[in-house]
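What follows is a single structure, written as structure tokens, with notes after it.
Residue numbers (our numbering): 21 to 230.
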């Protein structure tokens with residue numbers, strides 16, 4: 021079963037609150053296990069702009085800025101050249117593992133060589149502060165989905181959970197991954213399988229779709 025570049029849709033019988041109505045993009049899957057990012061769980065108080073202003077990126081000498089009048093974070097924000105609409109995008113809670121680690125799913129036109137993993141023809145993943153630096157300078161990818169933490173499974177664990185009807189599986193959809201209407205992603209993912217809201221409970225008895 022090939023699961024990379026698939027969306028997992030949590031079924032109602034999953035009791036773990038981390039995965040309530042979760043939509044997870046599978047970034048990697050092999051004989052050793054799987055790694056995915058929850059793409060519909062935005063942080064309540066952390067945006068991409070917040071992350072950039074608090075990171076010690078080489079473009080922004082925070083100590084030097086503090087010598088001037090005004091709040092350093094505000095000065096940094098004014099120095100960032102990224103599109104304003106990206107500044108307010110929430111950082112996602114990517115999963116319960118390694119909350120100090122960030123991952124950025126992004127469109128394919130951006131590439132940092134060995135630091136970028138090409139998952140599909142349209143989606144890549146980069147996990148380094150260099151991409152944040154490029155984003156702050158307006159040189160980053162056109163589409164981004166920034167998550168902190170991830171979901172991990174051991175060898176054959178995800179396959180077993182799918183067989184137990186914990187997840188539905190559907191081909192990834194770029195719009196679902198990159199759009200910022202987080203509250204609608206679960207319903208839109210179910211729609212890819214032709215499942216209506218009134219059938220969410222009954223579908224728990226249907227084996228996952230690969």
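Heads up, the beta-carbon is just placed ideally off N, CA and C, and yes, glycines get one too.
If the five residues before and after residue 207 are omitted, its C-beta is found closer than 7 Å to the C-beta atoms of 217, all from its own chain and listed in chain order. The residues 25, in chain order, have a CB closer than 6 Å to that of residue 140 in the same chain once the five nearest residues on each side in sequence are set aside. The alpha-carbon separation between residue 221 and residue 30 amounts to approximately 11 Å. Within the segment 136-192, the complete beta strand (DSSP E) runs of at least 3 residues fall at 136-138, 143-146, 164-173, 187-191. Only residues of its own chain outside the window of five on either side were considered, and among them 44, 45, 47, 112, 114, 115, 123, 125, 165, 167, 170, 171 have a CB closer than 8 Å to the CB of residue 57, listed in chain order. As the crow flies, the alpha-carbon of residue 174 is around 30 Å from that of residue 200. The C-alpha of residue 202 lies about 5 Å from the C-alpha of residue 60. When beta bridges are read from the DSSP output, residue 220 appears opposite no residue.
Taking all protein chains in view, the Cβ of residue 160 is crowded by 16 or more other Cβ atoms within 10 Å, so the residue is classified as buried. Residue 157 places its beta carbon 8 Å or farther from that of residue 71.
Taking every protein chain shown into account, the CB of residue 214 has fewer than 16 other CB atoms within 10 angstroms, so this residue is exposed.
Straight-line spacing of the CA atoms in residue 54 and residue 110 works out to 25 Å.
Assignment of residue 127 by DSSP, reduced to helix, strand and coil, places it in the strand class. Around the Cβ of residue 21, a 10 Å sphere holds fewer than 16 other Cβ atoms; the residue is exposed.
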